[in-house]
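Take the sequence shown: its letters are residues 14 to 134, numbered as in our numbering. Accompanying notes for the structure given below.
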Amino acid sequence: MTIIEAINKIDSLKPNTYTQNEKIKWLSALDALIKKEILDTHEGDITFDGYTDYTPIDTVLIAKEPYDEMYIYWLESKIDYYNAEYAHYNNSVAAFGNMYSEFSRYYNRTHKPKTKKIKYF
């Protein structure tokens, strides 16, 4: 899923008044969290500097299918939270949390964790 696909999908599912730039910042925050909490604990170097106003909107987000639905739940939860629709927020953040956990478990199963070197004296 690309940045613009996520934004277009949430806009069609949940009409809102938030700007594209705000949604890009929300997506950037989620991918930064994914990188720090999941990807950085495993071997392999993935660079992520965040998304800005200058990032091409056809940039592919970190989580691939079928886990890319988490971006929609994330955007939905942000919209619900900032609209003070807390009952809706609880539902959307729970759906996001489930998908995030699924992605985390998948990544942990399919990627080798980083190892620490042990010094023996």
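Beta carbons are placed, not taken as given, at the ideal position from N, Cα and C, and that holds for glycine.
Are residue i and residue j closer than 7 Å when you measure CB to CB?
{"i": "residue 74", "j": "residue 112", "result": "no"}
{"i": "residue 34", "j": "residue 66", "result": "yes"}
{"i": "residue 17", "j": "residue 70", "result": "yes"}
{"i": "residue 56", "j": "residue 125", "result": "yes"}
Ordered along the chain, which non-local residues of its own chain (more than five positions away) have a Cβ less than 8 Å from that of residue i?
{"i": "residue 95", "result": "31"}
{"i": "residue 38", "result": "64"}
Assign residue i to buried or exposed, taking buried as 16 or more other Cβ atoms, counted over all protein chains shown, within 10 Å of its Cβ.
{"i": "residue 81", "result": "buried"}
For residue i, which residues from the same chain have a beta carbon less than 6 Å from its beta carbon, with the 5 sequence-adjacent residues on both sides left out?
{"i": "residue 52", "result": "59"}
{"i": "residue 120", "result": "51"}
Suppose the cutoff is 7 Å on Cβ atoms and the five residues either side in sequence are ignored; what does the same chain contact list for residue i look like?
{"i": "residue 105", "result": "86, 89, 90, 93"}
{"i": "residue 28", "result": "none"}
Just to confirm the assignment, what range does the alpha helix (DSSP H) spanning residue i have?
{"i": "residue 61", "result": "From DSSP, residue 61 is part of no alpha helix (DSSP H); its letter is neither H nor E."}
For residue i, which beta-bridge partners are listed by DSSP?
{"i": "residue 15", "result": "73"}
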